[in-house]
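Residue numbers (the UniProt record's numbering): 1 to 577.
Every residue gets a Cβ at the ideal spot worked out from N, C-alpha and C, and that includes glycine.
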């Protein structure tokens, strides 16, 4: 505190919203430099200090600016783009700024980054789990805060209009507002439904894989739809880069399925050309996708489950250690293959390389010791010695290190469960706000949009391309946009007319009417009058600073609306708080 508080008092400027961004940018750099052994501890400490100071400064902005205007200010701090070279001279910028091939012109926004993106990139979980940051994340997720996101490169760019960070009012927006398709809450639901369609087509294709036709109808539908889904996945990776996309909970499953589908397409083309349609290699490869797809469904249904969050975090450690083990154990395979080369007769009768790999895998996982028994075929002494050494290193050392490493990772994540869940929610929210126009087209229509609209973009003006894109998107997503528009108007307007007496009784009906405790939920959903809410916020702030609450009438009325009355014992008297 002796270091953090003076830095916060010195760096906090109510008129400067870029301080948090600069601190997080320095944290990213310190984490990148901590790989050096000499200054590793110092750089880690500096990165942690930057995160703490950024968290405190964001909290001061949150405390000094309550209400909707304060939310708008916090949103500008976190999701408004900043240029790293802002304020630098042209000479410095020309000599230091790196040239990036995929940068597209979009009115000066092509090289900007957001503070929330830097927080995700640097895994600033303390910063993201703070109350101020979560207020913005929840507002963006619900669609209350709206803005045009910044991306690295767009496959189908439409930069005719750039919407600054603003508060969304559904009463002033059109009913078929295609920009609501990039609201993370709706976008997440749409992506889950699209993935469930993919799983359904996959099951139908595998069940009818032995149909009489050359390529079954369900398999053709699966290939077409999945191609559009893979295009959407590639666009999501390009949107903000792999480093940010990899923080998504199910990113490694999507990448695995994309690779499997790519191998399936290549193998299926070979099967069709070779005449092996009903029992080819492509169908065998496609069977491998079943555990990936079903596991992905479980991740979607339980995104806040600490087990799935731990699996995502442990996957990186598991892959790194497995790669090191395979790299080291390749030497044992080569040694065993080269042992019998001195005698041609022995070399011709020695086990093949794939048989040796099978024996090594069995020993590694402790399944069978056949490799140790058969190792005398390589050499009477050196063969068993190599196999026993491999058993000690693989089955004992590497597996013990792997279990210890994964246990440590799980314990660390479980100890900070709340911060981990909030971090994953922030990643889901940040990635849900899509900039690329290709995301407005559901699979497989995104393939047609790419084939037709991308060449059209070079033939017509930006205004005409934007109008064409909006018209097509509104037609394709008309039912979805209508449901979203009606839901938001019902949620906003009915809540306001509930206390005005101007609406019909059946319009106020809620599902909570089935519960005897429905009024408990309803009293928290009711909106307080603006004057009462402002006075309640002021009194809450005074109470937190230690000042007594003098206006009992206003305090009690506001608290009866926003929270139930509780009591605290003070001496022998119980007073409401």
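Taking a contact as a CB-CB distance under 8 angstroms, the pair residue 195 and residue 300 counts as one, their CB atoms being some 7 angstroms apart.
For residue 18, the three-state secondary structure derived from DSSP is coil. Going by beta carbons, residue 475 and residue 178 fall outside the 7 angstroms limit. For residue 45, the enclosing alpha helix (DSSP H) starts and ends at 40–64.
When C-alpha distances from residue 355 are compared across 367, 333, 72, the shortest belongs to 333.
DSSP places residue 362 inside the alpha helix (DSSP H), whose first and last residues are 353–364. Going by DSSP, residue 250 is part of no alpha helix (DSSP H) at all; its letter is neither H nor E. Annotation: the continuous alpha helix (DSSP H) that includes residue 383 extends over 382–390. Nearest in C-alpha terms to residue 68, of all of 322, 135, 370, 249, is 135. Cα atoms of residue 20 and residue 8: separation of roughly 11 angstroms, rounded to the nearest angstrom. By the 16-neighbour rule on beta-carbons within 10 angstroms, residue 270 is exposed. Pairing residue 47 with residue 331, the inter-Cα distance amounts to about 40 angstroms. For residue 123, there is no enclosing alpha helix (DSSP H), as DSSP marks it with neither H nor E. The beta carbon of residue 140 sits closer than 6 angstroms to the beta carbons of 429 from its chain, once the five residues preceding and following it are set aside; these are given in chain order.
In the DSSP assignment, the residues bridged to residue 166 are 146. Here DSSP, grouped into helix, strand and coil, assigns residue 399 to helix.
For residue 153, no alpha helix (DSSP H) segment is defined, and its DSSP state is neither H nor E.
Between residue 119 and residue 58, the C-beta gap is not smaller than 7 angstroms, which leaves the two residues out of contact. Taking residue 187 as the centre and dropping the five residues before and after it, the same chain places the C-beta of 432 closer than 6 angstroms to its C-beta, in chain order. Its Cα nearest to that of residue 231, the residue 438 stands out among 278, 459, 293, 438. For residue 9, the enclosing alpha helix (DSSP H) begins and ends at 4–11. In the DSSP assignment, residue 201 forms no beta bridge with any residue.
As the crow flies, the alpha-carbon of residue 311 is around 45 angstroms from that of residue 458. Residue environment analysis places residue 54 among the buried positions, since at least 16 neighbouring C-beta atoms fall within 10 angstroms of its C-beta.
Residue 336 and residue 383 have their C-alpha atoms roughly 7 angstroms apart. Secondary structure of residue 222 (DSSP, three-state): helix.
CA-CA distance, residue 393 to residue 321, rounds to 13 angstroms. For the pair residue 406 and residue 314, the CB atoms are nearer than the 7 angstroms cut-off.
For residue 379, the CB contacts under 6 angstroms within the same chain, skipping 5 residues up- and downstream, are 339 in chain order.
Residue pairing from DSSP places residue 113 in a beta bridge opposite 82. Burial state of residue 207 is exposed, judged by a 10 Å Cβ sphere holding fewer than 16 other Cβ atoms. DSSP places residue 216 in the coil class of the three-state scheme, outside both helix and strand.
Apart from the 5 residues on each side of it in sequence, residue 34 sits with its Cβ closer than 6 angstroms to the Cβ of 40, 43, 44 in its chain, given in chain order.
If the five residues before and after residue 204 are omitted, its C-beta is found closer than 6 angstroms to the C-beta atoms of 218, all from its own chain and listed in chain order. Just so you know, the alpha carbons of residue 266 and residue 275 end up roughly 14 angstroms apart.
With a cut-off of 8 angstroms on Cβ pairs, the segment 446–455 is not in contact with the segment 146–154, counting fewer than three such pairs.
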